[in-house]
Amino acid sequence: MVIVGEGFVYEKETHLTVMKTSLFFAGDGFAVYDCNGQLVFRVDSYGPDARDAGELVLMDPNGRCLLTVRRKRPSLHQRWEGFLGERWEGQKPIFSVRRSSIIGKSNMTVELFGDRTEEYLIEGQFGHRNCTIFDSAKETMAEIRRKVDASTNVMLGKDVFLLTLKPGFDGAFAMGLLEIRDSHSLLELRLQHEFTGLTHDLSISSQPKELRPPPTFAGTPATANLSSHSCFLASSSRSLTQKGWRPATANLKISQLLSQQNRKSHLPSASGSFSDILC
Numbered sequence: 001m002v003i004v005g006e007g008f009v010y011e012k013e014t015h016l017t018v019m020k021t022s023l024f025f026a027g028d029g030f031a032v033y034d035c036n037g038q039l040v041f042r043v044d045s046y047g048p049d050a051r052d053a054g055e056l057v058l059m060d061p062n063g064r065c066l067l068t069v070r071r072k073r074p075s076l077h078q079r080w081e082g083f084l085g086e087r088w089e090g091q092k093p094i095f096s097v098r099r100s101s102i103i104g105k106s107n108m109t110v111e112l113f114g115d116r117t118e119e120y121l122i123e124g125q126f127g128h129r130n131c132t133i134f135d136s137a138k139e140t141m142a143e144i145r146r147k148v149d150a151s152t153n154v155m156l157g158k159d160v161f162l163l164t165l166k167p168g169f170d171g172a173f174a175m176g177l178l179e180i181r182d183s184h185s186l187l188e189l190r191l192q193h194e195f196t197g198l199t200h201d202l203s204i205s206s207q208p209k210e211l212r213p214p215p216t217f218a219g220t221p222a223t224a225n226l227s228s229h230s231c232f233l234a235s236s237s238r239s240l241t242q243k244g245w246r247p248a249t250a251n252l253k254i255s256q257l258l259s260q261q262n263r264k265s266h267l268p269s270a271s272g273s274f275s276d277i278l279c
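Under UniProt numbering, the very last position in the sequence shown is 279; numbers go up by exactly one each time.
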């Protein structure tokens, strides 16, 4: 089925080798080769900043733009749109891709526009190079798998993988979906890292700083040491309540710490409520 170009629809099952064009920026671009080592497609984002802008370009070996995919913002389902050639203002997309569900598995639904009102489904984990494109009848149209070296029977790294196209499926269209799936996978990874960092920061901020009473000195009157501890107690109690601790819980924690210190220094125990102690 022709979606992008008739020259990219193969009569037989075709295997294409996809390689990352940069090892320094994740998802910076791809180069696609046929079984004879001839360049078939190029995917460029012109550096990580362009990828962050949410627009990618699929080109032929001569640099002619075949397809432009753009992330639609804002979008609850993380929707992408595909345009023939170089996108121009007011141009209508030929297809859209959205996440099938806001929560749960990150499968994606593809919808064609115009005369071809068909749907496809992208399932699997692209980050692990295990992804399949199905049509509405659940027939496999294209597959992404890890590539195995034929001479050594060794599985290659994730920067080199295999795209298998079933007969009659548009290879350029498949590469456009691959671009989107790669960007979506990177976005999920980035959000996961940001969420992990946020929860880590929250867990740290919710924990009180280590409470260490000021040291006592031999030969110092007990009343002086007690005054020093009183100032410590008042400031510590205020610090804990500002972090969300209940006053009673904060006072109990400080009281336990003070009791331990008193047993070591033989200081008299403080009496009364800590809320009454003022510096």
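The C-beta atom is built at its ideal place from N, Cα and C for all residues, glycine as well. Predicted model, so just to flag it, every value in this text is computed and none were measured.
Have a look at Ala142, Leu156, Val2 and flag the residue whose alpha-carbon is nearest the alpha-carbon of Leu177. Ala142
**Q.** Lys72 vs Glu81 beta-carbon contact at 7 angstroms
**A.** yes
Checklist entry - What separation, rounded to the nearest whole angstrom, lies between the Cα atoms of Thr164 and Arg79? => result 25 angstroms
Helix, strand or coil at Ser151 [DSSP, three-state]
coil
**Request:** Just the C-alpha distance for Arg116 and Ser151, rounded to the nearest angstrom, thanks.
**Result:** 42 angstroms
Shortest alpha-carbon distance to Tyr120 belongs to which of Ser96, Thr21, Asn36, Gly127?
-> Ser96
By the three-class DSSP mapping on this structure, what secondary structure does Asp135 have? strand
- prompt: For Ser100, which of helix, strand or coil comes out of DSSP?
  reply: Assignment of Ser100 by DSSP, reduced to helix, strand and coil, places it in the coil class.
So, under 8 angstroms CB-CB, Ser183 and Leu56 are touching, yes? Tell me the CB distance rounded to an integer number of Å. 7 angstroms
Mind checking Arg181: buried by the 16 CB within 10 Å criterion, or exposed? buried
- [ ] Measure the C-alpha to C-alpha separation of Met108 and Val148 and round it to an integer number of angstroms.
- [x] One alpha carbon belongs to Met108, the other to Val148, and they sit about 27 angstroms apart.
Q | In DSSP terms, what Lys166 is bridged to | A | In the DSSP output, where bridge partners are listed per residue, Lys166 has none listed.
- Straight-line CA distance for Glu65 to Val4? The amino acid occupying residue 65 in the given sequence is Cys; Glu does not appear at that position. Answer to the nearest angstrom: the Cα atoms are 11 angstroms apart.
Assuming Met155 contacts Val32 under a Cβ cut-off of 8 angstroms, what Cβ separation, rounded to an integer in Å, is found between them?
Contact doesn't hold; Cβ gap of about 19 angstroms is too wide.
Please work out which residues of its chain come closer than 8 angstroms, Cβ to Cβ, to Glu11, disregarding the five sequence neighbours upstream and downstream, and give them in chain order. Sequence-distant Cβ neighbours of Glu11 in its own chain, meaning closer than 8 angstroms and more than five residues away, are Pro167, Gly168.
**Report entry** Close-in-space but distant-in-sequence residues of the same chain around Gly171 (CB under 6 angstroms, 5 per side omitted)
**Finding:** Phe8, Leu165
Please say whether Leu58 and Ser43 have beta carbons closer to each other than 7 angstroms?
Before going on, a small fix: residue 43 reads as Val here, not Ser. For Val43 and Leu58, yes; Cβs fall inside 7 angstroms.
Please return the same chain residues whose Cβ sits closer than 7 angstroms to the Cβ of Ser100, not counting the five positions on each side in sequence.
Apart from sequence neighbours up to five positions away, the residues of its chain that approach Ser100 with a beta-carbon distance below 7 angstroms are Asn107, Met108, Thr109, ordered along the chain.
Margin query: Using C-beta distances below 8 angstroms, list every residue in its chain close to Thr132, excluding the 5 sequence neighbours before and after it, in chain order.
Written below: Only Ile122, Glu123, Gly124, Thr140, Ala142, Glu143, Ile144 meet the Cβ criterion.
Original post:
Nearest to Met1 by alpha carbon, out of Arg98, Glu118, Lys20, Pro61?
Top reply: Glu118
Beta-carbon spacing of Phe173, Arg129 below 7 angstroms:
no
| query | Terminal residues of the continuous beta strand (DSSP E) containing Tyr33? | reply | 29-33
Review point. Should Thr21 and Gly29 be called a contact, given that it needs their Cβ atoms to be closer than 7 angstroms?
Key: yes
Quick check on residue 296: does DSSP put it in helix, strand or coil? Residue 296 lies beyond the range of the chain shown here (1 to 279); nothing can be said about it.
Worksheet entry | Nearest candidate by alpha-carbon position, reference Ser69, set Asp60, Arg87, Asn62 | Residue identity check: residue 69 is Val in the sequence provided, not Ser. Nearest of Asp60, Arg87, Asn62 to Val69, Cα basis: Arg87.
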